[in-house]
Amino acid sequence: MFLNSSVQKPHHNDETKLRTASPDYVRLVKFLVQPFLESPQSLSVDCEISHILKRVWIRIAFDSADKGKVFGRGGRNIQAIRTVIAAAAETAGQSVYLDIYGSNAQGREGMSFDEDSEERLPAPKSRPREGNDSRPIVKPRVRSSFN
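Last residue of the sequence shown: 757 in this note's numbering, with the numbers rising by one and none dropped.
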């Protein structure tokens, strides 16, 4: 058995190659989101990369009817999509921001579906208490004797 230790293997520094090349975010997002859509052609993906700031902004839009499928129960699907995109960005030494917008359907043009800006009802107002006492009013029980 001969080991040829005199032959030098070419030196490839894969880490620097990964750090300089940006992933194809548009194709990655389409690959992750399209399976949840009834009409995959409605998906619109826009990607803006700042090499100076090492940040990526991804904006996606799709039919409002598919919102529930894309987000998933409790936001699990969209959180998994965000996690995969963030992992891809981290390998390139970048940070990523994902914004989700509605389509032109039903007058919701440009409305963001992002968790922080979702429509919410105002909190219910508490009833004003009478008097200065913060304790509840307790009425005394009246005992009647029928003896």
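We treat Cβ as the ideally placed atom computed from N, Cα and C, and that holds for glycine.
Values in this document were obtained by computation on a predicted structure and should not be read as measured data.
Which residues in the same chain have their Cβ closer than 6 angstroms to the Cβ of residue i, if we skip the five residues on either side of it in sequence?
i    : result
E658 : W667
V706 : V666, I695, A696, A699
Closer than 7 angstroms by C-beta to residue i: which residues in its own chain qualify, once you throw out the five before and the five after it? Chain order, please.
i    : result
N687 : F646, V680, F681
Apply the 10 Å Cβ neighbour rule to residue i and answer buried if 16 or more other Cβ atoms are within range, or exposed otherwise.
i    : result
L663 : exposed
A671 : buried
V752 : exposed
V643 : buried
V636 : exposed
From what residue to what residue does the alpha helix (DSSP H) around residue i run?
i    : result
A699 : 686-701
Beta strand (DSSP E) containing residue i: first to last residue?
i    : result
V752 : Element bounds for V752: n/a, residue is neither H nor E.
I662 : First-last for I662: undefined, no H or E at that position.
L708 : 705-711
Helix, strand or coil: which one does DSSP assign to residue i?
i    : result
D634 : coil
S654 : strand
R683 : helix
Assuming residue i and residue j are in contact, meaning their beta carbons sit under 8 angstroms apart, how far apart are those beta carbons, in whole angstroms?
i    : j    : result
S674 : G712 : 5 angstroms
V655 : K640 : 6 angstroms
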